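Colleague: Top to bottom, those sequences are chains A and B.
Residues 1 to 510 (the UniProt record's numbering) make up the first sequence, in order.
Residues 1 to 316 (the UniProt record's numbering) make up the second sequence, in order.
If you scroll down you'll find the structure; I have some questions about it.
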Amino acid sequence: MTEEGVVDPLLRVRGVSKAFSGVPALTNVDLDLYGGRVHALLGQNGAGKSTLISIISGVLQPDAGTLEIEGRGVHFRDPSEALASGIVAVYQELSLLSDMTVAENLYLGIEPRKNGLLDRKAMAEGAREILSRLGAGGISPLATVGDLTIASQQMIEVGKALTREAKVLILDEPSAVLGDDELELLYALVGRLTEAGISVVYITHRLDEVMEIADEATVMRDGSVVLALPRGELTHDVMIEAMVGRSVERNTPPKWQSADHAHEEDGHGGLVVSNLMLPGMNETGVNFSLRPGEILGVAGLTGSGRSRLLRALAGVDPPISGSVTWGGGPISIRSPRAAIANGVVLVPEDRKRQGLILGQSVESNIVLSVLGRIATVGWLRSSNVGAIAQDMVLRLQIKTANLGQKVQFLSGGNQQKVVIARCLTLSPRLLLLDEPLRGVDVGAKAEIVDIVGEIASRGTSVIVVSSEIEDVLALTDRIMVMRDGIVAAEFRGAEATEARIFHASAVQGK
Amino acid sequence: MQMKERISSAFTDGIAVWIMVGVLAMLATVYSDSFLTIKNVPNVLGQAVPLIIITVGMFIAIIAGQIDLSVAAVVKLTAVLVSGIGDGDGGKFVGAVALAFAIGIGIGLFNSLLVVRLKIPAFIATLGTFSIIEGLVLAYTIKGVGSIPTPVVTSLYGNIGPVPYSMLVLVLLLAAVGLWLRRSRMGLHLYAVGGDIEVARRSGVRSGPVITTSLVACSLFAVLAGLVQVSRAGVGAPTTGDGMELLAITAVVIGGASLMGGRGRLLGAVGGAVLLALIDNALNMVGISQYTQGLFRGAIIVAAITVFVTKKSAKT
Chain A
1 MTEEGVVDPL LRVRGVSKAF SGVPALTNVD LDLYGGRVHA LLGQNGAGKS TLISIISGVL
61 QPDAGTLEIE GRGVHFRDPS EALASGIVAV YQELSLLSDM TVAENLYLGI EPRKNGLLDR
121 KAMAEGAREI LSRLGAGGIS PLATVGDLTI ASQQMIEVGK ALTREAKVLI LDEPSAVLGD
181 DELELLYALV GRLTEAGISV VYITHRLDEV MEIADEATVM RDGSVVLALP RGELTHDVMI
241 EAMVGRSVER NTPPKWQSAD HAHEEDGHGG LVVSNLMLPG MNETGVNFSL RPGEILGVAG
301 LTGSGRSRLL RALAGVDPPI SGSVTWGGGP ISIRSPRAAI ANGVVLVPED RKRQGLILGQ
361 SVESNIVLSV LGRIATVGWL RSSNVGAIAQ DMVLRLQIKT ANLGQKVQFL SGGNQQKVVI
421 ARCLTLSPRL LLLDEPLRGV DVGAKAEIVD IVGEIASRGT SVIVVSSEIE DVLALTDRIM
481 VMRDGIVAAE FRGAEATEAR IFHASAVQGK
Chain B
1 MQMKERISSA FTDGIAVWIM VGVLAMLATV YSDSFLTIKN VPNVLGQAVP LIIITVGMFI
61 AIIAGQIDLS VAAVVKLTAV LVSGIGDGDG GKFVGAVALA FAIGIGIGLF NSLLVVRLKI
121 PAFIATLGTF SIIEGLVLAY TIKGVGSIPT PVVTSLYGNI GPVPYSMLVL VLLLAAVGLW
181 LRRSRMGLHL YAVGGDIEVA RRSGVRSGPV ITTSLVACSL FAVLAGLVQV SRAGVGAPTT
241 GDGMELLAIT AVVIGGASLM GGRGRLLGAV GGAVLLALID NALNMVGISQ YTQGLFRGAI
301 IVAAITVFVT KKSAKT
């Protein structure tokens, strides 16, 4: 390696701009990536990170600007050309073929051949070696990808980059899907790759992660680069300020705080869950209670049963046994329809697939669940529908051009608000939120936290599940930790700290 | 639960359909004296050959996430061309066959132009092509034209034991296609593009040439099927091949392939075609009228699908 400052960048991006149907997504972006370094790319959703990496990896073509690899101008017409130049992107959404084997996925597009035929033996052997490098030697190269867990699939996604002899490796928010063990492996791998001279672009929302692994960081906002700093000058506050464009106070108290009488378990007129056995979990069952207007956070690792609990309560995957009562009387949750009739409503984890009809308007999505209630002999009155939707748009401050706007064009945060709005039209007694803050930018997170607080203040009980302890703590200081399908611990008030919650989730391992 | 999964995987692996073939053949043997005879068995197999060939083509298109509704029209076009132009003459027949294959490639390229370049869904694009070819054929003739050289016809009726020559050639062809799908790069890419075109693209697979390959292959198999069909008949009628596109799609589906693409086994699709041929023959043998055969055929297919297809559980 030559000295600092003399090294030429591996990839040089200059003046790149891109607009979608006239709306600029990127404006005059510069970026330099150096071999052997980890470059963190930060920014809220909609800041232009995805567009930028799509251009670098050939998925999109820029309207203006240039790309140079090792001083040579390049112009990628599609991803295969970027791959051939050594630029490999690992996307946040899985890009694997679930009906194909692990080996086939790893070598798709760069299959080894012998005498013109696929060399399946070499594929299997290569796959085995890559899997063991990833610390995932337990996965068979011949396993069908669709049968693997999401975490294993993500490792294979990373493995795909290894088969491709990357010069530049782009990792799009791996920490959003990987568990902590896998992340440790990933960090180690990133270390080895940079030692080998590869340039790694690491996109993340977790600032601690940036401090831990990045050599430099670029912060984007509204399609432009607003900050580019070496590691030595990085601090949480500098990065947050650059991302949101204003200073943000940290460590605000939670929206809802446990009261003194928190330990009264019975006769409070709310929810009591007893010995609830969750499908797919071999344990004794879940017990807890919740008063009207109370917010309960549920933490736990992937597979701990936290999402299953919500799905069970919502009647999506009904519990095997156990009882659920409200105000002392049993309520039925044997189907989503029964749960809704009893005032239990779920805001699902995957809002794009389970929560919204993306191609339909904001208005249609909001009133979707109550069409039957607001229709007159099967016919809808547009004034009626519009009024309900307009109320919700105002109450939740949904940022949309108009009620007829298609939901797919809204930002992640506003899409989430539309799902919540639809659920609120059902006037729930118990609102279940599964990962409500996932994929939502910092500003919208704060707004959704406010909204949930407001919902609870009107007397609706809320259960929030999140893989981000920090997010749960912003909402409530009553946290239930799940592990292996049971309640492993519960923390209230000042007891509820990130360290304790994390410990309770992770102790005893897998 | 586990039993159900096993049944379902036997279906997607293309095994279930062969079990059905076996069961149906046994039933037909028991209920009809004339089913398992030296006269009937070659007849069933010979009848099945064109459908199997066209099913192979359809399977390739469906695996790649496409569909080709123009295949029956291609069969028809091939039949009237080789019969009309060849008109019983060996030399002209060979020329006409070459022309038919060239036209087959042309039709496949035309379909892929519509699908790949103009981004028209294959269903609509090939429906249009179907109509165009059908119109051309009917403009050319509305009744049987010309004839097929006698040696060609007789060779198709020659057997080794109960197995027709055409079936033997077909087995070799199937082995070659099977090897191509399983062991070639293009084979893997067909499954990848059908499984998820965007994932394939981001992995560096160019989807255009893959889709083109699938549609051209499908047309070529249709030409071959037309050739066999017309050679068995001896004369090219403009009704040749009618309805075969739907039979081929049905065969692919009961063979366990996904209509959405990316999943399926060649042998399963072949089994589907054999089953369809067998159903018709068995219904004939047990004396069910031609007019009500559709009812029985449909009922058997729906029953089979109901038993075997369990809804894939949603991923969490």
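We put the CB at the ideal spot given by N, CA and C, even for glycine.
Computed from a predicted structure; not experimentally measured.
#1: Pull out every residue of the segment 17 to 36 of chain A whose Cβ sits closer than 7 Å to any Cβ of chain B, in chain order.
#2: Name the two residues that bound the continuous beta strand (DSSP E) containing Phe20(A).
#3: So is Val199(B) in contact with chain A if we call contact Cβ pairs under 8 Å?
#4: Residues of the segment 44 to 59 of chain A with a CB closer than 7 Å to any CB of chain B: list them in chain order, please.
#5: Can you find the residues in the same chain that come closer than 6 Å, C-beta to C-beta, to Pro230(A), ignoring five residues on each side of it along the sequence?
#6: Check this for me: beta carbons of Leu179(B) and Ser214(B), under 8 Å apart or not?
#7: I need the straight-line Cα distance from Gly493(A) to Gln257(A), nearest angstrom please.
#8: Let me make sure I understand the geometry here. Which of Val145(B), Arg183(B), Val205(B) has the alpha-carbon closest to that of Gly116(A)?
#9: Leaving aside the five residues before and after Leu106(A) along the sequence, list all residues of the same chain whose C-beta is less than 6 Å from its C-beta, in chain order.
#10: So is Asp180(A) in contact with chain B if we call contact Cβ pairs under 8 Å?
#11: Using the three-state DSSP reduction, which class does Ile486(A) fall into: helix, strand or coil?
#12: For the alpha helix (DSSP H) that Ser50(A) lies in, which residues bound it at each end?
#13: Contact between the segment 135 to 142 of chain A and the segment 197 to 208 of chain B is defined here as three or more beta-carbon pairs at a separation below 8 Å; is this criterion met?
#14: At 9 Å on the CB atoms, spell out the chain B contacts of Pro279(A), in chain order.
#15: Specify the secondary structure class of Gly322(A) as computed by DSSP and reduced to three states.
#16: Give the DSSP bridge partners of Val201(A), in chain order.
#17: Asn159(B) bridges to which residues according to DSSP?
#18: Evaluate contact between the segment 198 to 206 of chain A and the segment 167 to 176 of chain A, counting only Cβ atoms and requiring at least three cross-stretch pairs below 8 Å.
#19: Identify the contact partners of Ile203(A) in chain B, using a Cβ-Cβ distance below 9 Å as the criterion.
#20: List the residues of chain B whose Cβ lies closer than 9 Å to the Cβ of Glu104(A), in chain order.
#21: Could you tell me which chain B residues have their CB closer than 9 Å to the CB of Asp78(A), listed as they occur along the chain?
#22: Looking only at its chain, what residues have a beta carbon closer than 7 Å to the beta carbon of Ala96(B), apart from the 5 residues adjacent to it on each side?
#23: Taking Val407(A) as the reference, give the member of Ser457(A), Arg351(A), Ser50(A), Glu435(A) with the closest Cα.
#24: Which value, in whole angstroms, describes the spacing of the CA atoms of Arg250(A) and Leu31(A)?
#25: Per the DSSP calculation, residue 594(A) is bridged to which residue(s)?
#26: Less than 8 Å between CB atoms is the rule here; does Ala339(A) satisfy it with respect to chain B?
#27: Between which two residues does the alpha helix (DSSP H) harbouring Thr55(B) extend?
#28: Return helix, strand or coil for Lys119(B), following the three-state DSSP convention.
#29: Using only CA atoms, which one of Gly262(B), Gly243(B), Phe35(B) lies nearest to Ile211(B)?
#30: My understanding is that Leu131(A) touches Gly109(A), with C-beta atoms under 8 Å, so please give their C-beta distance in whole angstroms.
#31: Met26(B): buried (16+ other C-beta within 10 angstroms of its C-beta) or exposed?
#32: Opposite Lys121(A) in the DSSP bridges: which residues?
#33: Compare the C-beta of Ser152(A) against all C-beta atoms of chain B and say whether one is closer than 8 Å.
#34: Is any beta-carbon of chain A found at less than 8 Å from that of Gly195(B)?
#35: What are the residues of the segment 211 to 226 of chain B that lie near chain A, defined by any Cβ-Cβ distance shorter than 9 Å?
#36: For Gly322(A), which residues from the same chain have a beta carbon less than 8 Å from its beta carbon, with the 5 sequence-adjacent residues on both sides left out?
Modeller: Result, derived from the coordinates:
#1: none
#2: Along the first sequence, one-based indexing puts residue 20(A) at 20. Taken as a continuous stretch (DSSP letters only), the beta strand (DSSP E) holding Phe20(A) covers 11 to 20.
#3: Start at 1 with the first residue of the second sequence, and residue 199(B) comes out as number 199. Answer yes: the Cβ-Cβ gap between Val199(B) and chain A drops below 8 Å somewhere.
#4: Val59
#5: Indexing the first sequence from 1 puts residue 230(A) at position 230. Result list for Pro230(A): Glu216, in chain order.
#6: Within the second sequence, the letter at position 179 stands for residue 179(B). Within the second sequence, the letter at position 214 stands for residue 214(B). Going by C-beta atoms, Leu179(B) is not nearer than 8 Å to Ser214(B).
#7: Start at 1 with the first residue of the first sequence, and residue 493(A) comes out as number 493. Start at 1 with the first residue of the first sequence, and residue 257(A) comes out as number 257. Between Gly493(A) and Gln257(A), the C-alpha separation is close to 7 Å.
#8: Indexing the first sequence from 1 puts residue 116(A) at position 116. Of the listed residues, the one whose Cα sits closest to Gly116(A) is Arg183(B).
#9: As a first step, residue 106(A) must be located in the first sequence, where it is residue number 106. Around Leu106(A): Ala127, Gly159, Lys160, Thr163.
#10: Against the first sequence, residue 180(A) aligns to sequence position 180. False, the Cβ-Cβ gap to chain B never drops below 8 Å.
#11: Position 486 of the first sequence, counting from 1, holds the residue named residue 486(A). Looking at Ile486(A) - three-state DSSP - the assignment turns out to be strand.
#12: Locating residue 50(A) in the first sequence gives position 50, counting from the first residue. Ser50(A) -> alpha helix (DSSP H) spans 49 to 56.
#13: no
#14: In the first sequence, counting from the first residue as 1, residue 279(A) sits at position 279. Chain B residues near Pro279(A): none, gap ~11 Å exceeds 9 Å.
#15: Locating residue 322(A) in the first sequence gives position 322, counting from the first residue. Gly322(A): strand per DSSP, three-state reduction.
#16: Counted from its first residue, the first sequence places residue 201(A) at position 201. Bridge partners of Val201(A): His39(A), Ile170(A).
#17: As a first step, residue 159(B) is located in the second sequence; it is residue number 159 there, counting from the start. Paired residue(s): Pro164(B).
#18: yes
#19: Looking up residue 203(A) in the first sequence gives position 203. In chain order: nothing, as chain B lies at least about 16 Å away.
#20: Taking the first sequence and counting its residues from 1, one reaches residue 104(A) at position 104. Simply Leu188, Tyr191, Ala192.
#21: Working through the first sequence from its first residue, we reach residue 78(A) at position 78. Going along chain B in sequence order, the residues near Asp78(A) (Cβ under 9 Å) are Arg201, Gly204, Arg206.
#22: Here residue 96(B) refers to the residue found at position 96 when the second sequence is read from its first residue. Leu81, Val82, Ile85, Gly86, listed in sequence order.
#23: Locating residue 407(A) in the first sequence gives position 407, counting from the first residue. Comparing Cα positions, the closest option is Arg351(A).
#24: As a working note, residue 250(A) is residue 250 in the first sequence. As a working note, residue 31(A) is residue 31 in the first sequence. Because the pLDDT of Arg250(A) is 42, which lies under 50, any placement of that residue in the model is unreliable, and the question is left without a value.
#25: The question about residue 594(A) has no answer here: the residues shown for chain A are numbered 1 through 510.
#26: For the purposes of this step, residue 339(A) is taken as the residue at position 339 of the first sequence. Answer no: the Cβ-Cβ gap between Ala339(A) and chain B never drops below 8 Å.
#27: The residue labelled residue 55(B) in the question sits at position 55 within the second sequence. Segment 40 to 63, the alpha helix (DSSP H) holding Thr55(B).
#28: If you number the second sequence from 1, residue 119(B) lands on position 119. Coil.
#29: Walking along the second sequence from the start, residue 211(B) turns up at place 211. Closest option to Ile211(B), Cα to Cα, is Gly262(B).
#30: Taking the first sequence and counting its residues from 1, the one referred to as residue 131(A) is at position 131. Taking the first sequence and counting its residues from 1, the one referred to as residue 109(A) is at position 109. 19 Å between Cβ atoms; not a contact.
#31: Your numbering for residue 26(B) matches position 26 in the second sequence. That one is exposed.
#32: For the purposes of this step, residue 121(A) is taken as residue 121 along the first sequence, with counting starting at 1. Per DSSP, none; premise fails for Lys121(A).
#33: Working through the first sequence from its first residue, we reach residue 152(A) at position 152. By this cut-off, Ser152(A) is not an interface position.
#34: For the purposes of this step, residue 195(B) is taken as residue 195 along the second sequence, with counting starting at 1. Yes, Gly195(B) counts as interfacial toward chain A.
#35: none
#36: Taking the first residue of the first sequence as 1, we reach residue 322(A) at position 322. For Gly322(A), where only same-chain residues beyond five positions count, the Cβ hits under 8 Å are Val273, Ser274, Asn275, Leu276, Met277, Gly285, Val286.
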